[in-house]
Amino acid sequence: MAVTLAASSGAATAATAQQERMKTCNADAAAKSLKGDERKAFMSTCLSDKAAAQPAKPVTAQQEKMKKCNAEAAGKTGEDRKAFMSSCLKG
């Protein structure tokens, strides 16, 4: 029973996101006065735009630390780099 409820609420959320995208794309197409094949092509591109559909995930503190340590370890290799990275990521 709980599985059915969770699945249906997830589907409702996905449908809502798709509906919002459809609403936005329709408004954009209307603002550009698109008709016929031109509108169809625009809507297809607009609705399938995955980058706009999913916002970028914020970088975590651990990812920032890894980026900083990697930059500092640029000239190091082998065991020297491994030891440096270990201490850098812990500190």
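FYI, the numbering for the sequence shown is 50 to 140, going by this note's numbering.
Here a beta-carbon is modelled for each residue, glycine too, at the ideal position from N, C-alpha and C.
Computed from a predicted model, the values in this text were never measured in an experiment.
Going by DSSP, Ala90 is part of the alpha helix (DSSP H) stretching over 85-96.
Taking a contact as a CB-CB distance under 8 angstroms, the pair Glu113 and Cys137 does not count as one, their CB atoms being some 12 angstroms apart.
In the displayed model, Gly127 falls within a helix according to three-state DSSP. For Lys117, the enclosing alpha helix (DSSP H) begins and ends at 110-121. Lys106 sits in coil when the DSSP states are folded into three classes, being neither helix nor strand. When C-alpha distances from Cys118 are compared across Lys89, Lys139, Cys74, Ala80, the shortest belongs to Lys139. Looking at the backbone, the Cα of Asp98 and that of Ala110 are separated by about 29 angstroms.
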